[in-house]
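A.B. asks:
And the structure:
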């Protein structure tokens, strides 16, 4: 597998870089490094689990199977080679070939040793150094930061990609797939005409780019369902004693797939039009990196027309070892976040009747977008206010663990430590006048 190129690696979690670097520094083999990454992934899944869905047996099985997480291991080792932190050597190209590399070890460079020791001493300094190295190694990362407003010379402090969501029953408004695509194209073109997105493109380009991307993706999907392949699937199902028919996607499933393709096309169009060509997966990786590093945030649910909104939560100067960071994490940022809550709370209640509680994730999205802060800053500020540590706010925060509808996949409930290593999950909140006797639910 090649270790060249400057494209965005498929590293969903930057914590794997630390895990792999430590393993290499200790002389671990490829297989031992893979196991270390699986264990870190399992710990991460447990830390992120707020619904009791963590399956220990599943992770134990993945650890025992040498074919599991091979691509994650290869990707992180490949990135360490690109950064110059371990010496280059051949990596397995498939899960099957991983067995032949199981006993291979890797040599760490002096720069790699230096970074590994740094992150052992200080996690924050270590990840700052990693961010600088990634910016230097990947021009697309630098371009992404510039577009969302994190660079001193950024032209805007946000980047918006218009989408199209229907609150109606699937199929009620758009009875044909073509009508949804038509509406999506018109919606994007109208949003671009209105301006304020952080990018622009001619209407003909919008029309052509969006329709071409979607049609090509649908054609590829259709090619995977040619009669010969369907016959092969039918034969395999017959040998297993299963029904001969191959299930076809429902109309609702097709429409969801079409909506996903339209979003992918719009992301590709927007970044390309702004001078930073990114495929959809690379953009997803970068928005996860920047949220984890405290550099930028994103939301599908900020107030306003349906859109994916991305915005800077920091200012980043330089690259490589000379990279500097100024994040919006001060006590003043916490205070300004809470100062926005009453007005946003009232607007949210007015939009959804007179419910006593509102979802935390929805208030968070609105405040973070307005104040250009990260989710973690809002959560810390909200917890502080709920504990009564922000005098003079004029209101008190009451948190509750009760569920309130479905939390979107890109949003999380509020998770607060309760002592003794335990955490409590809060889904909803309300605000009370300062003279109310009600406070945080214990």
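Residue numbers (our numbering): 1 to 442. Glycine included, each C-beta is placed from N, C-alpha and C at the ideal position.
1. So, using beta-carbon positions, are residue 410 and residue 319 closer together than 9 Å?
2. Leaving out five residues on either side along the sequence, give the residues of the same chain with a beta carbon under 7 Å from the beta carbon of residue 337.
3. Nearest by alpha-carbon distance to residue 97: which of 36, 53, 46, 68 is it?
4. Measuring straight from C-alpha to C-alpha, what distance separates residue 51 and residue 250?
5. For residue 141 versus residue 310, is the C-beta spacing smaller than 9 Å?
6. Determine the burial state of residue 297: buried for a count of at least 16 other Cβ atoms within 10 Å of its Cβ, exposed for fewer.
7. In terms of residues, what are the limits of the beta strand (DSSP E) holding residue 311?
8. Determine which residues share a DSSP beta bridge with residue 298 and list them.
9. Out of curiosity, what's the CA-to-CA distance linking residue 106 and residue 266?
10. In this structure, does DSSP put residue 428 in helix, strand or coil?
11. How about residue 21 and residue 116: are their beta carbons less than 9 Å apart?
12. Check this for me: beta carbons of residue 358 and residue 429, under 9 Å apart or not?
13. Looking at residue 71 and residue 121, is the spacing between their C-beta atoms short of 9 Å?
14. What did DSSP end up calling residue 317 once you bin it into helix, strand or coil?
15. Sort 189, 182, 148 by Cα distance to residue 259 and report the nearest one.
16. Are the CB atoms of residue 313 and residue 150 nearer to each other than 9 Å?
17. Quick check on residue 440: does DSSP put it in helix, strand or coil?
18. Nearest-angstrom Cα distance between residue 25 and residue 287?
19. Nearest to residue 345 by alpha carbon, out of 403, 432, 413, 179?
20. For a quick check, are the C-beta atoms of residue 164 and residue 180 less than 9 Å apart?
21. Can residue 385 and residue 341 be called in contact, C-beta distance under 9 Å?
22. Taking just the CA atoms, how far does residue 284 sit from residue 54?
23. Please tell me whether residue 134 and residue 83 are closer than 9 Å, where the distance is taken between their beta carbons.
24. To the nearest whole angstrom, what separates the beta carbons of residue 109 and residue 87, a pair I think is in contact under 8 Å?
25. If we count Cβ pairs, one from each stretch, closer than 8 Å, do we get three or more for the segment 122–129 versus the segment 271–284?
26. Cutting at 7 Å between CB atoms, please list the residues of its own chain near residue 75, excluding the five before and the five after it.
27. From residue 443 to residue 256, what does the alpha carbon distance come to, in whole angstroms?
28. In terms of residue numbering, what span does the beta strand (DSSP E) encompassing residue 160 cover?
29. Which residue's Cα is closest to the Cα of residue 44: 15, 60, 58, 66?
30. Can you tell which of 219, 308, 103, 130 has its C-alpha closest to the C-alpha of residue 198?
31. Considering only the beta carbon of each residue, do residue 130 and residue 17 sit closer than 9 Å?
32. Assuming residue 139 is part of the alpha helix (DSSP H), what are its boundary residues?
33. Compare the C-alpha of residue 292 against each of 327, 396, 261 and name the closest.
34. Jot down the residue ranges of each uninterrupted beta strand (DSSP E) in the segment 397–422, minimum 3 residues, whole runs only, in chain order.
35. Output needed for residue 201: all residues of its chain with C-beta closer than 7 Å, excluding positions within five of it in sequence on either side, in chain order.
36. Kindly indicate which three-state DSSP category residue 86 falls into: helix, strand or coil?
C.D. replies: Result, derived from the coordinates:
1. No, the pair does not count as a contact, with Cβ atoms beyond the cut-off.
2. Excluding its 5 nearest sequence neighbours in each direction, residue 337 has C-beta neighbours in its own chain below 7 Å: 367, 371, 373, 377, 378, 381, listed in chain order.
3. Of 36, 53, 46, 68, the residue nearest in Cα terms is 68.
4. Each residue's alpha carbon lies about 28 Å from the other.
5. Cβ atoms of residue 141 and residue 310: not closer than 9 Å.
6. Here residue 297 is buried: its Cβ has 16 or more other Cβ atoms, across all protein chains shown, within 10 Å.
7. Its beta strand (DSSP E) spans residues 307–312.
8. DSSP lists 310 as partners of residue 298.
9. C-alpha separation (whole angstroms): 41 Å.
10. In the three-state scheme derived from DSSP, where H, G and I count as helix and E and B as strand, residue 428 is classed as strand.
11. Contact flag set, yes.
12. Taking the C-beta atoms as reference points, residue 429 is found nearer than 9 Å to residue 358.
13. Residue 71 sits away from residue 121, with the two beta carbons spaced by 9 Å or more.
14. Strand.
15. Nearest option by C-alpha distance: 182.
16. Yes; because the gap between Cβ atoms is below 9 Å, this pair is in contact.
17. With a pLDDT of only 42 at residue 440, under the threshold of 50, the placement of this residue in the model should not be trusted, and no figure is reported.
18. Looking at the two C-alpha atoms, the distance is approximately 29 Å.
19. It is 432.
20. Residue 180 is positioned such that its CB atom lies closer than 9 Å to that of residue 164.
21. Contact: yes.
22. Rounded to the nearest angstrom, the gap between the Cα atoms of residue 54 and residue 284 is 24 Å.
23. Taking 9 Å as the Cβ cut-off, residue 134 and residue 83 qualify as a contacting pair.
24. The pair is a contact, with the Cβ atoms about 6 Å apart (cut-off 8 Å).
25. No, they do not touch.
26. Contacts found: 9, 10, 11.
27. Nothing about residue 443 can be reported from this structure: the residues present for the chain run from 1 to 442 only.
28. 158–162 is the extent of the beta strand (DSSP E) around residue 160.
29. Of 15, 60, 58, 66, the residue nearest in Cα terms is 15.
30. The alpha carbon of residue 198 has as its nearest neighbour, out of 219, 308, 103, 130, the alpha carbon of 308.
31. For residue 130 and residue 17, yes; Cβs fall inside 9 Å.
32. Counting along the chain, the alpha helix (DSSP H) containing residue 139 begins and ends at 139–148.
33. Among 327, 396, 261, the Cα nearest to that of residue 292 is on 327.
34. Segments of the beta strand (DSSP E) lying fully in the segment 397–422: 414–419.
35. Within the same chain, residue 201 has close Cβ partners 192, 269, 273.
36. Correct three-state label for residue 86: strand.
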